[in-house]
Each structure stands twice: as C-alpha cells, then as structure tokens.
Ligand SMILES: Cc1ncc(COP(=O)(O)O)c(C=O)c1O
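This is how it looks when you write it as structure tokens:
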C-alpha cells in the first residue's frame, strides 16, 4: 500500500480536486509546476537557507527527562515551538512564498484559525514585500487577539469571515472566494494539508523537513533513525504530515494522530473527524468530513482554534481508513491539563493544539524502553488568554 | 428530446432564473416555480442549498442558510417536486454542490431527478474530468444533461473540449467572480462575450453571474443564447417575498 499521493492526486480513495471551474486555471498551473519548481536547485538553496537563517532550523529534538520519568518511557519533543513565529506553520509559508514568486504572483491570500498560519503568512509576505490578506473567522479573531495584532504589525490585512460558524472552515471558504474573484495575480497559501490536489502533497513536502530532521537527530541520540512511535495533533494535519512523512513507509514506526474531542465525542461539541466524519467533500478535497446525513457540513468545536476544523487532510483520511495511523481523540479538559503539566515538568508552555498530543500519555501506556517522538507543533503565547480563563490564573 | 435541448432550439433569447429551494419559506418552492413559468421564464434552476457554497456570494449564501434553517433537505425537495410536471412544462435544472448529492447517492439522485422530470444538473464543484471518468455513464443512463461552466480564464482549448462534451448549453460565467458581485458589464466582459461568440461553438451559451436587470440581460443576450439571473431574483424575494414575481420578470424583458 502506498501512503503517498498518486498521479491523479489521490491517497487511496481520498483527495482529488473538486473545485469550481473558476479555480481550474490556477490549481492546474500549480499542479503542473509545483514539483518542478520545488526541486529546482535554486529553489532548494533559497528554501533551505531561509529555514536555517530565518526560521532557525533545525529545531531541537529534546529529550524530555522529567516527562519521561513520569510516564516511564522515553519521550523526545520535536521543538517546532521554537520556530520563528512560534509554530511549524512557517515551514510551509516559506516554501509557498517562494513558489508564489516563481509563479509571478504578487498578491497573497490565506486563511487562519489559531492565527499561527496567518502570522506565518504575514511574516513571509513582509519578508518578500508582497501584499497579504488573511481571512479569519470572527470568533477566532476574538479568541486569538495577539495573533491578530501580530498580523497587522506585519502589514497584513485581516478580513473577518462572518459566514457559517465564523471559524476556520468559513475563513477557508472566504479565501477560496477571494481566489475566484482574483484569479490572475493571486496565490492562495493554504495553511494545512487540505484543499484540492496538489495542495495536500505540496504542503506535506514542505513540512516533511520535520521528520527529515527527526531521523538525523534520533540517529545521533539513540543510534537509530526510527522511533517506536511518532505522535502529533491533527487539525487539517500539516504538522502531523510533516512529522510522519519520512516514516510513512516504515511500518515498524507506529503513528498516532490526535484529534480534538472538544467537550467529548458524543457531546455534539467536538472536532474528532475520524470518529464523527464520513467520506465527503470539503474545500475541494474528498476526505473524512463531519456532516449531517443530508451532506451539510457540521460546525465543529474545540477549545483550540487550530483544531477546530470539520475535516482532515486526505492523507490522514487514508492513514485512518488503512489503519496505518492510530487516531485518538482528546477532550478540552484533557488537553488543558496536559499543557499545564508540560509547563510544570519541562518549563515549556505549549500551544493548546500541541497540548492535545501531549494528553496521549495519560490515555495510552508505553513501554519503558519505547522511544516516543512527540511533535510539539507550537508554543502557547497565543493561548495565554485561554489558559488564563481556563485555570483562573 | 430533453426539454432543455428543445428549448434551446426556440428562436428567442432565453431567460433563466435561479432560486434557492426552501427560501424564503420552506413551502415556497412550488409556487415560485409556477409563478416563474406563468411570468414567461424559459428555464429554472432550482438551487439545492448547501452549507458551504464556495462559488456563491453573500446573497445566495444567506438564502441557502435560511433554506437550511427552514428545514430544506434533498429528500424534502424531491418530495415537494414530485408532482411538478402536472403543472409546469419548462425545463427544470437542479443546481447544487456535490457533497449533498454524493451523500444521497449519485445514482439514486439521478434516478429520482428523472422520475420527477428534472432535465439537467449544474454541479459547480464536480470537475469535468471527474464527471467524464466516473459519472457521465450514470447521468446518461437517466437522460440528464450535465451543464459545464466556462469563465474568462478558461483557455480556448479547454472551451473546445467542454463544447465537445456538452449535451445542453454551456454556462458562461460572466466575469471572474462569485455570484452576485458585479452588476455592470464593462469592456472586458464585452470582449470576452465577443471572443466566445466568435468561436462558433456547437453548444449554445447561456451567461450567468452578474445579470441583474434589463440592461445586463440585453448586453449578455446580444452575444449569447440566453442569460441566468440568480442573486438579483433572491434580492427580489428578500424585499417582496413571493409577491410581484411577474413584475420582476416583466421588467427584465
Ligand atoms: C501550534 C499548532 N499546532 C497545530 C495546528 C493544527 O494544524 P495542522 O493539523 O495543520 O498541523 C495549528 C493550527 O493553527 C497550530 O497553530
């Protein structure tokens, strides 16, 4: 079985490009050119150089001693929280801004949930001197205020998405509509491994630097490239795709994808797509999707804006259906406790998205000599308000 | 012959109206269709509402949201339409996004459409390639015409290909936009309309998006076989409810 995209843009039965004709020229141009552009030596040199000098890569693979003692296993944290702008999202935006320049686009649009992708996009637009418009759900604008301010400081225009649930899904709809309205000069920097082919594959390739580094770093620390487990949270699934990428064909490396259960899987307030979803189409991709029997997309819920999405990328739908990855669902409460625990044990304040991945240690028992790599996708600065309200700090 | 093809042979410019089923009230579907036919409309696009209509602007988004809140579903729509052919004879097309249709079951959906007397489908997010490879067989089995879109950005080669596989008309999107945005046509629209007209395509073209009044209807049908009005009609329903439909149509031509 292959876990990589096929020549038609599918992962097993998932993927494709279910887009209105208005988007066809742009998506088709990208499909024809993305691999050639990405693997041109001049692109790779510029990309690698920016990852090193601007983003601060490689990020450490940190042995979390006290956390390991507590759970009686060997835990390494891949420190994506130390990336410039505070999360893994910037790996992708650096790649896509270089892509946009080579496609001769001078106007950039993006959607954002937690604001991390919006900040990462605004950052690379400032770096390259390009116009940047970020769509963000009205609800998320309220719960991620510091990131809204950051985007503005970086020169981006933040446009509130007022339709539907006014969160990430609706911000994505608005960005897609903007692209329909501006088909010539605009590149859409999607923030996760979602959307029509080739986006899921392109974003996964840009994020695959995460597992590329893990392999080298683990070899140095443990004498082997392969851990027993890789754990990552899944909103759309880009940090997980990056952390899993070079292990997809290594069947002895077990993959754990962690979704947001919100108030609980059966509460009606959840974002656990792998449990609650069913094959459907969202944002141009056939994937697992939370929807009504009638095919209307359901409004998800999570305390974490970055996981508050009713679908997952088609790669993850395939990993779930094929059972290549184990999918777990973590509630708001479990995530918040796990986040606080990391602060106390390791001196790291994680993003609430990443806290969902950390909560796995309370729910699943690992062996003493298991090597477990957890992708710490982002830092918690943006979430202080939520932490303050939740813990009454 | 399918009602759409028959209608396309008539020696006149066609006026087609889009409305969202289940809006303003759940039970308005039939009376709106009947009133439109009585007012002289040539063809109707019945919008199957979707929660996330990517190609639509605020007007149709809002009517879709209302329709869904009113309780519109695929099943309810089919139930409402079951006797429509007893009173209405103009071509009826269902316009909807692919996910609700997929969840109903593509074949079951097509079968039901034929039983009711629906003549064609417009599914903006079902791409040409997916359609020809996977669904054409089913549509044909049930005698349904699938309508493809072209835009000002569609290449000439692709337009020719779409023309070849079109069995009814080509839906010509007037400008690079979602529905309900532009309400005047400038030079770039006119040159696009002329360019397409000069291609001598086999399938007649009907222009949609941005047609809102007599002036834009005239402009569009100078070059094309007909024009489709959507958001402007929804706005009329917003203002007047289901009253004065005949007046709205009379003002267009
Ligand atoms: C820190 C962090 N982790 C994870 C995510 C979820 O996205 P993805 O699943 O694409 O990694 C986000 C999204 O905003 C984020 O900011």
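Chains as they are written, first to last, in the numbering used here: chain A, 129 to 521; chain B, 12 to 264. From the three backbone atoms N, C-alpha and C, an ideal C-beta is built for every residue, glycine too. It should be emphasised that the depicted structure is a prediction, and the values quoted were computed from it without experimental measurement.
Nearest CA to the CA of residue i: which residue from the options?
| i | options | result |
| --- | --- | --- |
| residue 130(A) | 275(A), 403(A), 451(A) and 208(A) | 451(A) |
| residue 167(A) | 359(A), 333(A), 489(A) and 445(A) | 333(A) |
| residue 251(B) | 62(B), 36(B) and 27(B) | 36(B) |
| residue 207(A) | 225(A), 184(A), 201(A) and 229(A) | 184(A) |
| residue 421(A) | 407(A), 462(A), 380(A) and 413(A) | 407(A) |
| residue 219(B) | 230(B), 60(B) and 51(B) | 230(B) |
| residue 403(A) | 411(A), 445(A), 341(A) and 252(A) | 445(A) |
| residue 45(B) | 132(B), 253(B), 263(B) and 87(B) | 253(B) |
| residue 235(A) | 378(A), 486(A), 271(A) and 309(A) | 309(A) |
| residue 516(A) | 448(A), 322(A), 307(A) and 480(A) | 480(A) |
| residue 225(B) | 214(B), 216(B), 238(B) and 234(B) | 238(B) |
| residue 206(B) | 228(B), 103(B), 175(B) and 183(B) | 183(B) |
| residue 224(A) | 181(A), 174(A) and 268(A) | 174(A) |
| residue 387(A) | 521(A), 132(A) and 441(A) | 441(A) |
| residue 83(B) | 145(B), 107(B), 103(B) and 98(B) | 107(B) |
| residue 203(A) | 154(A), 259(A) and 191(A) | 191(A) |
| residue 47(B) | 58(B), 256(B) and 185(B) | 256(B) |
| residue 454(A) | 372(A), 510(A) and 159(A) | 372(A) |
| residue 151(B) | 85(B), 73(B) and 118(B) | 118(B) |
| residue 110(B) | 425(A), 377(A), 326(A) and 311(A) | 425(A) |
Just to confirm the assignment, what range does the alpha helix (DSSP H) spanning residue i have?
| i | result |
| --- | --- |
| residue 466(A) | 460–474 |
| residue 206(B) | 198–208 |
| residue 232(B) | 225–234 |
| residue 266(A) | 266–271 |
| residue 69(B) | 69–80 |
| residue 160(A) | 152–166 |
| residue 194(A) | 193–199 |
| residue 489(A) | 488–491 |
| residue 442(A) | 442–449 |
| residue 315(A) | Careful: residue 315(A) lies outside any alpha helix (DSSP H), inside the beta strand (DSSP E) at 314–316. |
Check the Cβ of residue i against every Cβ in chain B and list those closer than 9 Å, keeping chain order.
| i | result |
| --- | --- |
| residue 291(A) | 63, 69, 72, 73 and 76 |
| residue 316(A) | None at all; the shortest Cβ gap to chain B is about 12 Å. |
| residue 145(A) | 138, 140 and 141 |
Since residue i and residue j should fall inside the 8 Å C-beta cutoff, what is the C-beta to C-beta distance between them, to a whole number of angstroms?
| i | j | result |
| --- | --- | --- |
| residue 54(B) | residue 18(B) | 6 Å |
| residue 300(A) | residue 239(A) | 4 Å |
| residue 384(A) | residue 456(A) | 6 Å |
| residue 398(A) | residue 374(A) | Not really, about 31 Å apart at Cβ, beyond 8 Å. |
| residue 434(A) | residue 363(A) | 5 Å |
| residue 40(B) | residue 79(B) | The pair is not a contact, with the Cβ atoms about 14 Å apart (cut-off 8 Å). |
| residue 370(A) | residue 335(A) | 3 Å |
| residue 15(B) | residue 131(B) | 5 Å |
| residue 360(A) | residue 196(A) | With 8 Å as the limit, residue 360(A) and residue 196(A) do not qualify as a contact, their Cβ atoms being about 18 Å apart. |
| residue 236(B) | residue 217(B) | 6 Å |
| residue 216(A) | residue 366(A) | 7 Å |
| residue 317(A) | residue 287(A) | About 15 Å; that fails the 8 Å criterion. |
| residue 468(A) | residue 476(A) | Contact flag wrong, Cβ pair sits at about 11 Å. |
Applying a beta-carbon distance threshold of less than 7 Å, which residues of chain B neighbour residue i?
| i | result |
| --- | --- |
| residue 305(A) | 65 and 189 |
| residue 311(A) | 164 and 187 |
| residue 301(A) | 63 and 65 |
In the DSSP assignment, find the unbroken beta strand (DSSP E) run with residue i in it and report its ends.
| i | result |
| --- | --- |
| residue 430(A) | Run containing residue 430(A): none; DSSP gives neither H nor E here. |
| residue 174(A) | Note, residue 174(A): premise wrong, no beta strand (DSSP E); alpha helix (DSSP H) at 169–178. |
| residue 184(B) | 181–184 |
| residue 17(B) | Run containing residue 17(B): none in the beta strand (DSSP E); it sits in the alpha helix (DSSP H), 14–20. |
| residue 207(A) | 202–207 |
| residue 56(B) | 54–59 |
| residue 328(A) | No beta strand (DSSP E) contains residue 328(A), which is instead part of the alpha helix (DSSP H) from 327–335. |
| residue 128(B) | Where residue 128(B) is concerned, there is no enclosing beta strand (DSSP E), given that its DSSP letter is neither H nor E. |
| residue 288(A) | 285–289 |
Given that residue i touches chain A, what residues does it touch there, using C-beta distances under 7 Å?
| i | result |
| --- | --- |
| residue 210(B) | Here the premise fails: no neighbours, minimum Cβ distance about 17 Å. |
| residue 184(B) | 150 |
| residue 161(B) | 149 |
| residue 79(B) | 424 |
| residue 215(B) | Those do not exist, as residue 215(B) stays about 18 Å from chain A at its closest Cβ, beyond 7 Å. |
| residue 251(B) | Under the 7 Å cutoff, chain A gives no residues; its nearest Cβ is about 24 Å from residue 251(B). |
| residue 98(B) | Near residue 98(B) there are no residues of chain A at all, since even the closest Cβ is about 27 Å away, more than 7 Å. |
Is the beta carbon of residue i within less than 7 Å of some heavy atom of ligand 3?
| i | result |
| --- | --- |
| residue 122(B) | This structure lacks ligand 3; its bound ligands are ligand 1. |
Residues of chain A with CB closer than 9 Å to the CB of residue i, please, in chain order.
| i | result |
| --- | --- |
| residue 106(B) | Result: empty, since nearest Cβ-Cβ is about 12 Å, beyond 9 Å. |
| residue 192(B) | 309 |
List the residues of chain B that residue i touches, going by C-beta distances under 8 Å, in chain order.
| i | result |
| --- | --- |
| residue 234(A) | Within chain B, no residue comes near residue 234(A); the closest Cβ sits about 16 Å away, beyond 8 Å. |
| residue 421(A) | 114 |
| residue 392(A) | What residue 392(A) touches in chain B: nothing, since even the nearest Cβ is about 23 Å away. |
| residue 297(A) | 63 |
Closer than 8 Å by beta-carbon distance: list the chain C residues that pair up with residue i, in chain order.
| i | result |
| --- | --- |
| residue 408(A) | The chain labelled as chain C is not found among the protein chains of the depicted structure, namely A and B. |
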